[in-house]
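Worksheet: the structure to be examined is printed underneath.
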Amino acid sequence: MELFIQNNLELVIAGLASVGGVITYLLLRSKKDSAPRESDVEESKVAAPTVTAAPKKEIEGVSWAHRLSQGLAKSRQDIWGKIGGLFAGEKADLDSIEEVLYSADIPTSYVQSLLEKLENEGKGKNPEEIQEIVFNFLNDKMAPIQANVNEDLFAFKGNGSTKVFMIVGVNGAGKTTTIGKLATKLKAQGAKVLVGACDTFRAAAVDQLQVWCERAGVDMVRAKDGADPSGVAFDTVAKAFAENYDYCLIDTAGRLHTNQNLMDELSKTKRVMSKINSEAPHQVLLVLDAITGQNALKQAQEFNKALQLSGIIFTKCDGSAKAGSAVAIVDELKVPITYIGVGEGVEDLHHFDKDLYLKTLVGLNGF
Ligand SMILES: Nc1nc2c(ncn2[C@@H]2O[C@H](COP(=O)(O)OP(=O)(O)OP(=O)(O)O)[C@@H](O)[C@H]2O)c(=O)[nH]1
Ligand SMILES: [Mg+2]
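Going by my numbering, the first residue of the sequence shown is number 9, and it counts up by one from there.
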């Protein structure tokens, strides 16, 4: 055999190469055959929609003011930044102003009173002065309510008792992502954070939260799939108080504000937490997707009725020209915005700074 190989080396190599080729071909074919069909791809997308959308790589060195400016670019360029140009000059183009304001999902009463204010105060002013008038109009609506925001939400001071935040909202608003970002931020300040995965309807939802918690280095309570969400909330809050966590963040399943049974279930979840500590949850925060526009007000009203909200987290301002609808929501609901999200990364969530937000929205902050 050895002699045969030595004498026919070239023949043997050629033979091996062709066997290798056949194996490679067969492997490729079997891979092709087992590749998902189009319908399978759709299914897997539906089954685990956001696990891979968890923490994104940060863009180093971009300040919050710049992120906010980029996030609000659509709302500024398409709506709020235009008003100065449309009003100033020979003749105010009130029809166009009215049109752009409606496309920003601003309630009729607001549009009318802003137009009146512009007519009364705007004559002979340059575009920048007009933008100042718009800023003052929006600021007057928001300022009294924004003054009520609790500092515990943003800054960990240490030595305090456990603070429980319950996060609620309709499906896909950004609850889980926001909890992931919030946990990361609080942990970075040195806080001990516990997260409760109370969206027990979907295993993928719990997995998504776990990815965030692992990256943030915070603890998470997870129950069996299908477990009673109120029970998971109870266990999480009990653990948080027993083990002296600084923050306890409760994720809940998304639900339509019009589904009374699911809204009742949420009220129950809130109630059971107060059995551990009468002040828990200290904050009930509604996550609202900016893209929703005026319907967000309806959602907010229903969630407020069921849970007495303490704050709003306004997400996805980067994907919408309707970021200005926040003003009407705050004003009508008398509930402040606490955080704002302008993207999927941790650094894209920031506590809400009214002045910076409004100046950026109307184009007065120099960007
Ligand atoms: N562009 C953008 N995307 C965001 C923002 N916040 C969240 N998202 C994305 O929105 C999608 C839904 O976010 P989730 O956090 O899963 O929403 P959820 O409210 O937990 O959804 P359910 O649990 O299904 O009700 C994800 O792809 C997030 O990455 C944001 O501020 N900007
Ligand atoms: Mg979720």
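Virtual Cβ for every residue (Gly too), placed ideally from N, Cα, C.
- The straight-line gap separating the alpha-carbon atoms of Asn-303 and Lys-324 is approximately 15 Å.
- The DSSP-derived three-state label of Ala-205 is strand.
- By the 16-neighbour rule on beta-carbons within 10 angstroms, Gly-168 is exposed.
- Closer than 7 Å to some heavy atom of ligand 2: that describes the Cβ of Ala-213.
- When DSSP states are grouped into helix, strand and coil, Val-292 belongs to the strand group.
- When rounded, the separation of the alpha-carbon atoms in Leu-123 and Asp-160 is 38 Å.
- Cβ neighbours of Phe-311 within its own chain (closer than 7 Å, five residues either side excluded): Val-176, His-265, Leu-294 and Leu-317.
- DSSP lists Lys-171 and Val-201 as the bridge partner or partners of Tyr-255.
- Not one heavy atom of ligand 1 is found less than 7 Å from the C-beta of Gly-301.
- Counting other Cβ atoms within 10 Å of its Cβ, Leu-76 reaches 16 or more and is therefore classed as buried.
- When DSSP states are grouped into helix, strand and coil, His-359 belongs to the strand group.
- Inclusion of Leu-126 and Ile-138 in the CB contact set at 8 Å is warranted, their separation being smaller than that value.
- Inter-residue distance for Lys-362 and Ile-87 is about 18 Å (C-alpha atoms, whole angstroms).
- Only residues of its own chain outside the window of five on either side were considered, and among them Ala-96 have a CB closer than 7 Å to the CB of Asn-134, listed in chain order.
- Judged by the Cβ position, Gly-262 qualifies as a neighbour of ligand 2 at the 7 Å threshold, a heavy atom of the ligand being closer than this.
- For Thr-116, the enclosing alpha helix (DSSP H) has its first and last residue at 116–129.
- With the rule of 3 Cβ pairs closer than 8 Å, the stretch 280–293 does not count as touching the stretch 223–237.
- Per the DSSP secondary-structure output, Phe-322 pairs in a beta bridge with Leu-296 and Ile-348.
- Apart from the 5 residues on each side of it in sequence, Phe-162 sits with its Cβ closer than 7 Å to the Cβ of His-359 in its chain, given in chain order.
- Contact between the stretch 332–347 and the stretch 276–286 is absent: fewer than 3 CB-CB pairs across the two stretches fall below 8 Å.
- Check the Cα spacing between Glu-222 and each of Lys-232, Phe-322, Val-203 and Asp-207: the tightest is with Val-203.
- Taken from the Cβ of Thr-184, at least one heavy atom of ligand 2 lies inside 7 Å.
- In the three-state reduction of the DSSP assignment, Asp-148 falls in the helix class.
- Around the beta-carbon of Gln-307, 16 or more other beta-carbon atoms lie within 10 Å, marking it buried.
- Judged by DSSP secondary structure, Val-240 falls within the alpha helix (DSSP H) whose first and last residues are 237–250.
- The criterion of a C-beta distance shorter than 8 Å is satisfied by Lys-278 and Met-174.
- The secondary-structure analysis by DSSP pairs Met-228 across a beta bridge with Val-203.
- DSSP places Ile-105 inside the alpha helix (DSSP H), whose first and last residues are 102–111.
- Annotated three-state conformation of Val-214 is helix, per DSSP.
- Here Leu-270 has Arg-263 as same chain residues with Cβ atoms under 6 Å from its own Cβ, once five neighbours each way along the sequence are excluded.
- Using a Cβ distance threshold of 8 Å, Gly-182 and Gly-351 do not count as a contacting pair.
- Exclusion of Asn-267 from the 7 Å shell around ligand 1 follows from its C-beta lying no nearer than that to any non-hydrogen atom of the ligand.
- Secondary structure of Val-343 (DSSP, three-state): coil.
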